[in-house]
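Peer 1: Pasting a structure below so you can have a look.
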Amino acid sequence: MRQSLIALSVAAAMAAAAGCSKEAAQAPSADDKMQVQASATADAKGSVVASNPLLAEWTGPYGGVPAFDKMRVEDLKPAMEFAMAENLREIDAIAANPEPATFANTIAELERSGAELDRVFSYYGIWAANMSSPEFREVQGELAPKLASFQSKIIQNDALFQRVKAVYDAREASDLDAEQKRVVELIYNQFANNGATLKGEAKERYAEINKRLAELHTKFANNVLADEEGYTLFLRSDQLSGLPESFVNAAAALAEEKGQKGNYAITNTRSSMDPFLTYSDNRELREKVWNNYYSRGDNGGEHDNNAIIAEILKLRDERVELLGFDNYAQWRLQDRMAKTPERAMELMEAVWPAAVARVEEEVADMQALADEEGADITIKPWDYRYYAEKVRKAKYDLNSDEVKQYLQLDKLREAMFYVAGELFNFEFSPVEEGSVPVFHEDVKVWEVTDKTSGEHIGLWYLDPFARAGKRSGAWATMYRDHTTFDGKTNVLSSNNSNFIKGAPGEPVLVSWDDASTFFHEFGHALHFLASNVTYPTLNGGVRDYTEFQSQLLERWLSTDEVIDNYLVHYKTGEPIPEALVAKIKKASKFNQGFATTEYLASALVDMKFHTADPEGIDPDKFERETLEKLGMPDELVMRHRTPHFGHIFSGEGYSAGYYGYMWADVLTSDAAEAFAEAEGGFYDPEVADKLVKHLFAPRNAVDPADAYRAFRGRDAQIGALMRDRGFPVPEEKSEAKETTIAVKD
Ligand SMILES: [Zn+2]
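The letter at position 675 of the sequence shown is residue 675 when you use the numbering used here, and the numbering goes up by one with no holes.
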């Protein structure tokens, strides 16, 4: 059921090729599902299910696992159509129940429904993110409007909503436990926030808008992808000055793959652009690569996204107006931890001036260095990473490539397992090769058990390497989540990255940032695995809260235990020298002006777009004017410019929600200080206990603000974040008056 309600956003989010995102989860399959069906239907259903592997019950070890070895794109459309129809049939039966509505016959049944659809979505997600192809994208385009109308049919099923409402209205008087009450409230809100309270024409218009938005979101994502694929730059061997050997080797292999043996391919993705701009000595080429990357979706012609954005903004605004909201952001934030756009803006505006002031200092440092070199230039956006790296070397004497020698992918994975063992009491053991089907030979699987009791908890799939058809970035997802209401289910979690494969027999060396991201995504997986909730809906994430747990996990990368045992040189096996670690820690405050400003600019523009009157809006002009008003420095751009801002326009997962990363950062810094202050530091058993109990295991079964207070004994404060970034903590806001971000209600 949860899957059905969020189907649309999942589909769109899956298509987004941007950033880290925890994609939606799966509801458990109900084993007794077949028994409740009329026999005739069951027979017909049985044959469809049997002939389509995407619909079939998961079989094999570990409570059944997805048949990733049997995936064929041609099965997707019939499977999805069947699963949607089946889910609607189940929902009609719930709505038509002549008995008075109760938790058991309405809410619990909804939680139970949609098992086939959940299974199909697991495969769909793999195609959308890990194994895309033109064939899949064609089916995806055909399915998008069907998924939207399917979702509308559930949301607009008035008989169903009336039953949900009856349970909701009676919730205080019923003897529901706290978790059940929260499920009822979350489900009711999903309906109410999505137009279920509407009648007649308004209701029809609402559904029309959703359908059109789904098309636009998909089109937006595909346009960005087209511009990523369409702007590969091929270099000659005399154009490689400054580039590290590993990068050059990867570029050579890529060029060969693309039929240009002897040349070097620079793809139009973040993983190519970022190192190229950091190291290439060729300023003209840097400008070209920069232009290609930051013009994605903004090149005129058939893949330009500006008109699509204007239409999206208008439709979103019209839709929330039907529900009585002033603007999209207000509607979007009501069930977030921030609760209102004003609270989110308040946080961003508190940090923005310090970030911009730091950019000025960084640019001054870089300009001085360029002048000293006699470069005779003014720092431009395509120079920022390049000179920042030089300043880093000069001032912090930290060579990213030297650091890499100590960051081996396999060792990092072992380090993560160690951390999970210490904090969560989890043990990871590789499953026997071939015992669990995978969708690509690179994917490996581990079993997760409780270290003490040996109890099985779930599986962890890892798809580590970049390849054609895989979206960029890193993300976590799950194929099945933990629930207990129909018997305990195990968790099937996965992490996905885009590391570049090393030469055969060579270890994969990664950057410090990529190592952090690896830990980050593992934090999402631990969040899935640690769940102790009863109902599927309670596994859902609260967008400005769910990044917090994963961001916090990044902190363990630089703990002494990990450094001493896992960050060892790939040739000598020596642990990373103390002096280098000290430099890394010092350097973590370096370039925070750039990182914070490029991020906040995107987050602020997102919020401005979604609080503005969209009538006649010109996205290009709006972006320019908003940045001007903010006093955006000339030397850098938004991390995601509007025409390729997939987080907010490829779907609605992060729309009016990109601020959530910083909201989560505040919680992260504040929670990390709880460990830093503890007697046992980052492995303090008491704080770790509280961490698992209050911040991971409850998922969304407890209001995030309450959960955080239970962990910390107070609301989060922004001082820790300012200290982490090396920004001054505003004096009038220090101590007792320091800005807190939790809503007191
Ligand atoms: Zn994340």
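Every residue gets a Cβ at the ideal spot worked out from N, C-alpha and C, and that includes glycine.
Roughly how many whole angstroms lie between the Cα atoms of Leu233 and Thr278?
Peer 2: 16 Å
Peer 1: Considering only the alpha carbon of each residue, which of Ser280, Val445 and Thr517 lies closest to Pro61?
Peer 2: Val445
Peer 1: Quick check: the stretch 498-505 against the stretch 452-469, are there 3 or more CB pairs under 8 Å?
Peer 2: yes
Peer 1: Can you determine whether any heavy atom of ligand 1 sits closer than 6 Å to the C-beta of Glu755, and answer yes or no?
Peer 2: Outside the displayed span of the chain (1 to 745) sits residue 755, for which this structure offers no information.
Peer 1: Among the residues of its own chain, which have a CB less than 8 Å from the CB of Ile94, if the five just before and after it don't count?
Peer 2: Cβ contact annotation for Ile94 (same chain, cutoff 8 Å, sequence separation greater than five): Asn105, Thr106, Glu109, Leu110, Ser113, Leu160 and Arg163, in chain order.
Peer 1: For Arg236, does the three-state DSSP call read helix, strand or coil?
Peer 2: coil
Peer 1: Give a single yes or no on whether Glu547 has its beta carbon closer than 6 Å to a heavy atom of ligand 1.
Peer 2: yes
Peer 1: Would you mind giving the Cβ-Cβ distance between Leu538 and Arg171, rounded to the nearest angstrom? I have them listed as a contact below 8 Å.
Peer 2: No, Leu538 and Arg171 are not in contact; Cβ-Cβ is about 15 Å, not under 8 Å.
Peer 1: Please list the terminal residues of the continuous beta strand (DSSP E) segment that includes Pro437.
Peer 2: Counted as a single uninterrupted DSSP element, the stretch harbouring Pro437 is not any beta strand (DSSP E), since DSSP gives it neither H nor E.
Peer 1: Could you check whether Ile308 and Pro619 sit closer than 7 Å to each other, using their CB atoms as the reference points?
Peer 2: no
Peer 1: Could you say which of Ala83, Pro100 and Tyr124 lies nearest to Phe68 if we only look at CA atoms?
Peer 2: Per the Cα distances, Tyr124.
Peer 1: Is the closest heavy atom of ligand 1 to the C-beta of Ser493 under 6 Å?
Peer 2: Relative to ligand 1, even the nearest heavy atom lies 6 Å or more away from the CB of Ser493.
Peer 1: Cβ of Ser516 versus every heavy atom of ligand 1: is any distance shorter than 6 Å?
Peer 2: No, Cβ of Ser516 sits at least 6 Å from all heavy atoms of ligand 1.
Peer 1: Answer yes or no: do Asn327 and Thr611 have a C-beta to C-beta separation smaller than 7 Å?
Peer 2: yes
Peer 1: Please tell me whether Ile379 and Glu635 are closer than 7 Å, where the distance is taken between their beta carbons.
Peer 2: In this structure, Glu635 lies closer than 7 Å to Ile379 by Cβ.
Peer 1: Gln592 and Gly726: beta carbons closer than 7 Å?
Peer 2: yes
Peer 1: Taking the straight line between their C-alpha atoms, what separation do you get for Asn249 and Ile266?
Peer 2: 11 Å
Peer 1: In three-state terms, what does DSSP make of Leu567?
Peer 2: coil
Peer 1: Please look up how many angstroms separate the CB atoms of Lys203 and Tyr396, rounded, as I've assumed it's under 8 Å.
Peer 2: Actually they are not in contact, since the Cβ atoms of Lys203 and Tyr396 sit about 59 Å apart, beyond 8 Å.
Peer 1: When the Cα of Leu216 is compared with those of His520, Met722 and Glu652, which residue comes out closest?
Peer 2: Measuring from the Cα of Leu216, the nearest candidate turns out to be Glu652.
Peer 1: Would you report the Cα separation of Asn193 and Leu143, rounded to the nearest angstrom?
Peer 2: 24 Å
Peer 1: Measuring only the C-alpha atoms, how far is Ala368 from Arg385?
Peer 2: 15 Å
Peer 1: Shorter than 6 Å, the distance from the beta carbon of Ser550 to the closest heavy atom of ligand 1, or not?
Peer 2: yes
Peer 1: Who are the Cβ neighbours of Tyr566 in its own chain at under 8 Å, not counting the five residues just before and after it?
Peer 2: Lys411, Leu412, Glu414, Ala415 and Tyr418
Peer 1: Using only alpha-carbon positions, find the residue among Lys390, Phe82 and Ala601 that is nearest to Leu630.
Peer 2: Ala601
Peer 1: So Ala678 and Val687 are supposed to be a Cβ contact under 8 Å. How far apart are they, rounded?
Peer 2: 5 Å
Peer 1: Whose CA, out of Leu285, Ala595 and Ala101, lies closest to the CA of Gly242?
Peer 2: Residue Leu285 is the option with its Cα nearest to Gly242.
Peer 1: Can you check DSSP and say which residues form a bridge with Val605?
Peer 2: Note: Val605 sits in no beta bridge, so no partner.
Peer 1: Straight-line CA distance for Leu117 to Val605?
Peer 2: 36 Å
Peer 1: Measure the alpha-carbon distance for Trp663 versus Ala707 and round it to whole angstroms.
Peer 2: 15 Å
Peer 1: Given a threshold of 16 other Cβ atoms within 10 Å of its Cβ, counted over all protein chains shown, does Asn291 qualify as buried or as exposed?
Peer 2: So Asn291 ends up on the exposed side.
Peer 1: Given a cut-off of 7 Å, decide if His644 and Gly297 are closer than it, judged by their beta-carbon atoms.
Peer 2: Their beta carbons are under 7 Å apart, which means Gly297 touches His644 by this criterion.
Peer 1: For Lys586, which residues in the same chain have their Cβ closer than 7 Å to its Cβ, ignoring the five residues on either side in sequence?
Peer 2: Tyr396
Peer 1: Could you tell me the boundaries of the beta strand (DSSP E) in which Gly681 lies?
Peer 2: Counting along the chain, Gly681 falls outside any beta strand (DSSP E), and DSSP gives it neither H nor E.
Peer 1: Just to confirm the assignment, what range does the beta strand (DSSP E) spanning Ala265 have?
Peer 2: Tyr264 to Ile266
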